[in-house]
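Asks: Which chain is which? The protein sequence lines are A and B, in order. Using our numbering, you'd call the opening residue of the first sequence number 25 and step up by one each time. Using our numbering, you'd call the opening residue of the second sequence number 57 and step up by one each time. Glycine residues also receive a C-beta, built at the ideal position from the N, C-alpha and C atoms.
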Amino acid sequence: MTKYYLHRRFALALLPLALLLSACEKVSPPAAFHATEIREASFGRELRLPDTEGRVRTLADFRGEVVGVYFGFLQCPDVCPTALSRAVEVKQLLGEEGKRFRIIFVTVDPERDTPEVVRAYLDAFDPSFVGLVGTPEEVARTAEEFRVYYRKVPTGSSYTMDHTATTFVYNANGKLRLAVPHALSAEAFAADVRRLLAETAPAEPGR
Amino acid sequence: MLTIQTRRCLGLALMFGAFTLPAWAQTVKVDGPWVQATVAGQKATAAFMKLTADAPVRLTGGKTPVAPVVEIHEMVMDGDVMKMRAIEGGLPLEAGKTVELKPGGYHVMLIDLPKAVEVGQNVPLTLTFTDAQGKTFEVAVEAPVRPLKRGHEKKSGHGM
Ligand SMILES: [Cu+2]
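1. If we count Cβ pairs, one from each stretch, closer than 8 Å, do we get three or more for the stretch 96-114 of chain A versus the stretch 73-80 of chain A?
2. Are the beta-carbon atoms belonging to A:V132 and A:F95 less than 8 Å from one another?
3. Within the 8 Å Cβ cut-off, does A:A144 reach chain B?
4. So A:A203 packs on A:I62, CB below 8 Å; how close in whole Å?
5. Determine whether the Cβ of A:T138 lies closer than 8 Å to any Cβ atom of chain E.
6. Any idea if B:N178 is buried or exposed, counting beta-carbon neighbours within 10 angstroms, 16 or more meaning buried?
7. Please output, in chain order, the residues near ligand 1 using a CB cut-off of less than 6 Å to any non-hydrogen atom of the ligand.
8. Between the Cα of B:A109 and the Cα atoms of B:P200, B:I143, B:D168 and B:V86, which residue gives the shortest distance?
9. What do you get for B:Q189, buried or exposed, if any count of 16 or more other CB atoms within 10 angstroms of its CB means buried?
10. Are the C-beta atoms of B:L202 and some chain A residue less than 8 Å apart?
11. Evaluate B:R114 with the Cβ neighbour count: other Cβ atoms within 10 Å of its Cβ, from every protein chain shown; 16 or more gives buried, anything less gives exposed.
12. Leaving out five residues before and five after A:L220 in sequence, what residues of the same chain have Cβ atoms less than 8 Å from its Cβ?
13. Helix, strand or coil for A:S52, going by three-state DSSP, please let me know.
14. Please state the DSSP three-state secondary structure of B:A96.
15. Going by CA-CA distance only, name the one from A:A207, A:R165 and A:Y183 that's closest to A:E70.
16. Would B:V155 pass as a contact of B:V122 if the rule is Cβ separation under 8 Å?
17. With distances taken between CB atoms, is the gap from B:P89 to B:L169 smaller than 8 Å?
18. Since B:Q92 meets chain A, which of its residues come closer than 7 Å, beta carbon to beta carbon?
19. Roughly how many whole angstroms lie between the Cα atoms of B:T184 and A:R171?
20. With DSSP run on the structure shown, which of helix, strand or coil describes A:G155?
21. Rounding to the nearest angstrom, what Cα-Cα distance links A:S152 and B:V95 in this structure?
22. What are the uninterrupted segments assigned as beta strand (DSSP E) that are 3 or more residues long and contained completely in the stretch 163-199 of chain A, given in chain order?
23. Tell me which same chain residues have a C-beta within less than 6 Å of the C-beta of A:D150, skipping the five on either side of it?
24. When burial is assigned at 16 or more other CB atoms within 10 Å of the CB, is A:C48 buried or exposed?
25. Assuming A:S181 and B:V125 make a contact with CB atoms under 8 Å, what is their CB distance in whole Å?
26. How should B:Q92 be labelled, buried or exposed, when 16 other C-beta atoms within 10 angstroms of its C-beta is the threshold for buried?
27. Taking buried to mean at least 16 other C-beta atoms within 10 Å of its own C-beta, is A:V154 buried or exposed?
28. May I ask you to list, following chain order, the residues of the stretch 171-189 of chain A that have a beta carbon less than 7 Å from some beta carbon of chain B?
29. Taking the continuous alpha helix (DSSP H) assigned at A:F213, which residues delimit it?
Take a look at the structure:
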């Protein structure tokens, strides 16, 4: 009993300090995300491209979901399958919540990546993944909006694409929140998505 | 008795030799080769494997019935930008030191695929090596096709 009171008094004494700390937190929050957090984005504000079925999609279509936008190309034998396999893993790690996580794949090689092939490719990972195939001009504009770098590089008989391998993650309100680097593990990525989902959790009674 | 032993030896030799048999006569051992599956219309893929040479050689090229063009590539991350390049002069192998061609590093690029490479297929792949004297030799392997979606394997050497 005495011990309990002591603890309580001690805790009360610490209260102002705790308040002070929490006030500080608002100014510079702890780096709790594994990925790079984005607070006020001056990029990635708009996305408007036709999907593999030819419908024009925008970020507003995905409200209520955490969405990861990834730029890649189908002849990429390495980082694109790695990134998309990681996304599938993230979805699995999220369990039931994984239903509210989706990847949007934007091809940076629209000359070779036709909507049909992009659809088949994404289906090999997860049929819920959305593929966007614009005209070369539309792709250039989108990449610029996302500050994504991509460039055609000749290699032997054909060409390859250098490209940014970052996944840009939006919260369920359509706000750009994270830049997920290629090297981040599926576990860390999943933890970040879980946090974003909690940040915009749908209001449920008794919660 | 003698027959049984001979048979046993033969069986073992066949077991161990499945991938490496052609390599015995040469100087490079190829372990665990695999090719990434593609979907119809996807024009390129990559082969991955472990290579161990007896003497310093370079992997300079290859041939396969599934693709008219084979190149030796390297993938590098420049910040968070991925770049893929053909390795000038081939991939050097030191004597006795295993080099792994794996996602995030080196691969044998198979280009201009006329049709999809599917799981269940074994892709014949003839690798060309060039020794210090500039003499070339070949090692033939069969690389099973693995799905495009990779399972939860330890992503070692993934820059973490
Ligand atoms: Cu390549």
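Replies: Let me lay it out:
1. no
2. The count along the first sequence starts at 1 and reaches residue 132 of chain A at position 108. The count along the first sequence starts at 1 and reaches residue 95 of chain A at position 71. Pairing A:V132 with A:F95 gives a Cβ-Cβ distance under 8 Å.
3. On the first sequence, residue 144 of chain A is found 120 positions in, with the first residue counted as 1. Chain B contact via Cβ: present.
4. Position 179 of the first sequence, counted from the start, is the residue given in the question as residue 203 of chain A. Position 38 of the first sequence, counted from the start, is the residue given in the question as residue 62 of chain A. Indeed they touch by this definition, with Cβ atoms about 6 Å apart.
5. Checking the listed chains, one finds no chain E in this structure; the protein chains it contains are A and B.
6. Indexing the second sequence from 1 puts residue 178 of chain B at position 122. It counts as exposed.
7. Spelled out in chain order, the answer is A:P101, B:A102, B:H129, B:M140, B:H163 and B:M165.
8. In the second sequence, residue 109 of chain B corresponds to position 53, counting from 1. When each option's Cα is compared against that of B:A109, the closest is B:V86.
9. As a working note, residue 189 of chain B is residue 133 in the second sequence. Flag for B:Q189 reads exposed.
10. If you number the second sequence from 1, residue 202 of chain B lands on position 146. A quick correction: the sequence has Arg, not Leu, at residue 202 of chain B. At a cut-off of 8 Å, the C-beta of B:R202 has no neighbouring C-beta in chain A.
11. On the second sequence, residue 114 of chain B is found 58 positions in, with the first residue counted as 1. The residue in question, B:R114, is buried, as its Cβ has 16 or more Cβ neighbours within 10 Å.
12. As a working note, residue 220 of chain A is residue 196 in the first sequence. Cβ contact annotation for A:L220 (same chain, cutoff 8 Å, sequence separation greater than five): V90, V193, N195, A196, R201 and L202, in chain order.
13. Taking the first sequence and counting its residues from 1, one reaches residue 52 of chain A at position 28. A caution first: A:S52 carries a pLDDT of 47, below 50, which makes its placement in the model unreliable, though a value can still be read off. If DSSP states are grouped into helix, strand and coil, A:S52 belongs with coil.
14. Along the second sequence, one-based indexing puts residue 96 of chain B at 40. Coil.
15. Translated into positions along the first sequence, residue 70 of chain A becomes position 46. Selected option, being the one with the closest Cα: A:R165.
16. Residue mapping note: residue 155 of chain B aligns to position 99 of the second sequence, counting from 1. Residue mapping note: residue 122 of chain B aligns to position 66 of the second sequence, counting from 1. In this structure, B:V122 does not lie closer than 8 Å to B:V155 by Cβ.
17. Taking the first residue of the second sequence as 1, we reach residue 89 of chain B at position 33. Taking the first residue of the second sequence as 1, we reach residue 169 of chain B at position 113. Their beta carbons are not under 8 Å apart, which means B:P89 does not touch B:L169 by this criterion.
18. Here residue 92 of chain B is taken as the residue at index 36 of the second sequence, counted from 1. Neighbours of B:Q92 on chain A, chain order: P101 and P105.
19. Working through the second sequence from its first residue, we reach residue 184 of chain B at position 128. Working through the first sequence from its first residue, we reach residue 171 of chain A at position 147. So the two alpha carbons sit approximately 41 Å from each other.
20. In the first sequence, counting from the first residue as 1, residue 155 of chain A sits at position 131. Residue state, collapsed to three classes: strand.
21. Along the first sequence, read from residue 1 onward, the residue named residue 152 of chain A stands at position 128. Along the second sequence, read from residue 1 onward, the residue named residue 95 of chain B stands at position 39. Roughly 17 Å between the two C-alpha positions.
22. 174-179, 182-188 and 191-194
23. Numbered from its first residue, the first sequence carries residue 150 of chain A at position 126. Same-chain partners within the cutoff: V112.
24. The residue labelled residue 48 of chain A in the question sits at position 24 within the first sequence. Confidence at A:C48 is low in this model, with a pLDDT of 43, below 50, so its placement is unreliable and the value that follows should be read with caution. So A:C48 counts as exposed.
25. If you number the first sequence from 1, residue 181 of chain A lands on position 157. If you number the second sequence from 1, residue 125 of chain B lands on position 69. Indeed they touch by this definition, with Cβ atoms about 5 Å apart.
26. Here residue 92 of chain B corresponds to residue number 36 of the second sequence, with the count starting at 1. That one is buried.
27. Start at 1 with the first residue of the first sequence, and residue 154 of chain A comes out as number 130. A:V154 should be labelled buried.
28. Listed by position along the chain: Y173, T179, G180, S181, S182, T184, D186, H187, T188 and A189.
29. Position 189 of the first sequence holds residue 213 of chain A. Run containing A:F213: A210 to E223, per the alpha helix (DSSP H) assignment.
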